[in-house]
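Letter by letter, the sequence shown follows residues 1 to 531 of UniProt numbering.
Where a beta carbon is used, it is the ideal one built from N, C-alpha and C, also for glycine.
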Amino acid sequence: MEITTKQLDHHGLVAGTFDKFEMGEVIEKRIPKVRNFNLSTSAIIKAMIILGLGFVDRRLYFAGSYFENWDVEKLLGEGTKPEDLNDDALGRVLDKIYDYGPTELFQEIAAHALNKLEMDVHLVHTDTTSVSVSGNYEMEDGTNGFKITFGHSKDHRQDLKQFVIGMVVNQHGMPMFAKTYNGNESDKESIKEMVKAIRKNIDKDKKVYHVADSAFYTAENISELRTTYWISHVPSTIKEAEEMLNKEVEFRPTKIEGYEVYSEISNYGGIKQKWIMVNSKYLKEQELKTFDRHLKKSKTEAEKSLKKTVTKERYFCSEDGINKSRQWMEAHPLFKYDKFEIKSVRVRTDGKRGRPKDGDPTIEMYEIDAEIGLNEEAVEKAKAKLGRFILSTNDIELEDEKVLEYYKNQTTVERGFRFLKDKSFGVSDVYLKKPGRIQALVMIMVLTLLVYSLSEWEIRRTLKETGQTFPNQLKKPTNRPTFRWICQNFMNITVVNVVTDGQTTTQIANLKDLQIKVIRLLGVEYEKYYF
């Protein structure tokens, strides 16, 4: 008798989602099997997604030795061997994805999967993030101008070259569109391009709001997209916005705890729109800490500035000194003069040093002796304006509170970027030798996020529909577990193969009632991997 074991863990859940939403079929229709390789294109991409959702601190690196621990036949198809999964095979697949078009392939897979959900989409969130990289890269012909270069780094790594990932997700955080951009690409241009691209996949008869941060909000963009419903954050650098933020207004409470709103109509950029000024208790608490810290530093800097530009100077008339001190105060509104004296002094004109003696040639000049302190009234007024920001929408009829609610949902795309940049989801440098492969690999990474979000959606949907729950980390029942938590509860599930007299029997070990419940709820696409 011979006994062998292979790890299955939560990989069957990932594979089940890949199958249920027919991702393999979509891929194979567009990128057929690469010659001289035993595995299909879709099987290799599926393996990458399973590896990417392994939730271990492991880079996406294809090595047969790692897959020896998997039941690759069960997950990827009969006849699959660990050695079929190697860097050469992946490299060829990445090249094929690039040749087809990573953005186009992802959009087609995502559209097919999301259509199967029959989900109404009323919000789409668009944003970008930068990915810093080190090393040199071969620039290829036909890479559509894609460049890894220096640019504004959201990772605060100005010393490294980078590329930019643009992504659009629906209100549930499911990616609908993804594209790589040059490292120095302007957000205002890339976000506008993505909004235009995703409009083609949205039912024009339905009201859908495109939500984006302040990088989107320019007069040119909102004018060009006037026929699209949008919600955005108005930059405080715009003159009209600065004036509104400093207005004394009566805020209205909302049902969203900690937020008040005030609105008025604006015609910025020639587009009729509604500006909603939001007063956030939570943002104010954060900004107050920063304000107080900066105020202490500002006083020291203001005293140095006063000495350098006002009190060290001599003036030909007292009016000059008064005007200079007034100009300085206008530039430093949070301070006031605690002491201010202007006095006449005799100054030598012969160029000699020292106090002038009787008979020395002199002229009368003026000096200022001043000390400053905080202007408490101005400080309190400034503090009262903290925690404010302005949102805008071209749907005048949309309630102020709804605008705020929809904009707050922008965190869904930000969570997606955190997922892609998580340390447990790194990318091996072996694949990043060519810009084209980077673009293809980013597509697989975002596809992995789509599989994760679809898996989480299916688990939560079935729990809710059947009135069942799953214990959370505190052992309390919930019908909204994260997919990551579910996966952690599927660790140590093993496939046991027993060979006796040439006959092989297969059993699944360590499968518990709680795990069986989840698998049964999800359906046949998942059951085939565990039963």
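Check                                                                                                                                                           : Outcome
Ignoring anything shorter than 4 residues or poking outside the segment 440-513, list the alpha helix (DSSP H) runs there in chain order.                       : 483-488
Measuring CB to CB, does E367 end up less than 7 Å from V347?                                                                                                   : no
For I165, name the three-state secondary structure that DSSP assigns.                                                                                           : strand
Could you tell me whether the segment 354-362 touches the segment 231-246, using the rule of 3 or more Cβ pairs below 8 Å?                                      : no
Classify I396: buried if its beta carbon has 16 or more other beta carbons within 10 angstroms, exposed otherwise.                                              : exposed
Whole angstroms is fine: what's the gap from L514's alpha carbon to H11's?                                                                                      : 17 Å
State buried or exposed for Y406, treating a residue as buried only when at least 16 other CB atoms are found within 10 Å of its CB.                            : buried
Nearest CA to the CA of T237: which residue from F251, D203, A215?                                                                                              : A215
Measuring straight from C-alpha to C-alpha, what distance separates V249 and A384?                                                                              : 11 Å
Is the distance from the Cβ of E287 to the Cβ of L386 below 7 Å?                                                                                                : yes
Between K402 and V121, what straight-line distance do the alpha-carbon atoms span, to the nearest angstrom?                                                     : 16 Å
Can you list, in chain order, the residues of its chain whose CB lies under 8 Å from that of G183, leaving out five sequence neighbours each side?              : S130, K147, I148, T149, F150, G151, K161, Q162, F163, V164
State the CB to CB distance for the pair K343 and D369, rounded to an integer number of angstroms; the pair is presumed to be in contact (CB under 8 Å).        : 7 Å
On the DSSP bridge list, what partners appear for S392?                                                                                                         : S232, W275
Could you compute how far the alpha carbon of Y66 sits from the alpha carbon of K81?                                                                            : 12 Å
To which residues does DSSP link M365 through a beta bridge?                                                                                                    : V345
Kindly indicate if chain D contains any beta-carbon less than 7 Å away from that of W230.                                                                       : The chain labelled as chain D is not found in the depicted structure, where only one protein chain is given.
Using a 10 Å radius around the Cβ and a threshold of 16 neighbouring Cβ atoms, would you call H156 buried or exposed?                                           : exposed
Could you please give the first and the last residue of the uninterrupted alpha helix (DSSP H) stretch that includes M329?                                      : 318-331
What whole-angstrom Cβ distance do M1 and V498 have, given they're in contact under 8 Å?                                                                        : 7 Å
With the cut-off set at 7 Å, would you say G166 and T128 are in Cβ contact?                                                                                     : yes
Do you know whose CA, among K339, D400, K381, E380, lies nearest E371's CA?                                                                                     : K339
Can you find the residues in the same chain that come closer than 6 Å, C-beta to C-beta, to L463, ignoring five residues on each side of it along the sequence? : N479
Could you tell me the distance, in whole angstroms, from the CA atom of residue 560 to the CA atom of K188?                                                     : With the chain running from 1 to 531 in the structure shown, residue 560 is simply not present.
Would you call the segment 371-380 and the segment 209-223 touching, i.e. three or more CB-CB distances under 8 Å?                                              : no
Counting C-beta neighbours from all protein chains within 10 Å, is the total for T4 16 or more, i.e. buried, or is it exposed?                                  : exposed
How many angstroms separate the CA atom of Q410 from the CA atom of F417?                                                                                       : 12 Å
Buried or exposed: which applies to F470, given that a residue is buried once 16 or more other Cβ atoms fall within 10 Å of its Cβ?                             : buried
Under 8 Å, with one C-beta from each stretch per pair, do the segment 301-318 and the segment 275-293 reach the 3-pair mark?                                    : no
My assumption, with CB atoms under 8 Å, is that Q273 sits in contact with N86. Please give the rounded CB distance.                                             : Contact flag wrong, Cβ pair sits at about 55 Å.
When the distance is taken between beta carbons, is I438 closer than 7 Å to M48?                                                                                : no
L39 to Q503, Cα distance in whole Å?                                                                                                                            : 27 Å
Which residues does DSSP pair with N170 in a beta bridge?                                                                                                       : V124
For E83, which of W70, L94, V261, P477 has the nearest alpha-carbon?                                                                                            : W70
Would you decide whether R314 is buried or exposed? Buried here means 16 or more other CB atoms lie within 10 Å of its CB.                                      : exposed
From the DSSP output, in three-state form, read off P82 for me.                                                                                                 : helix
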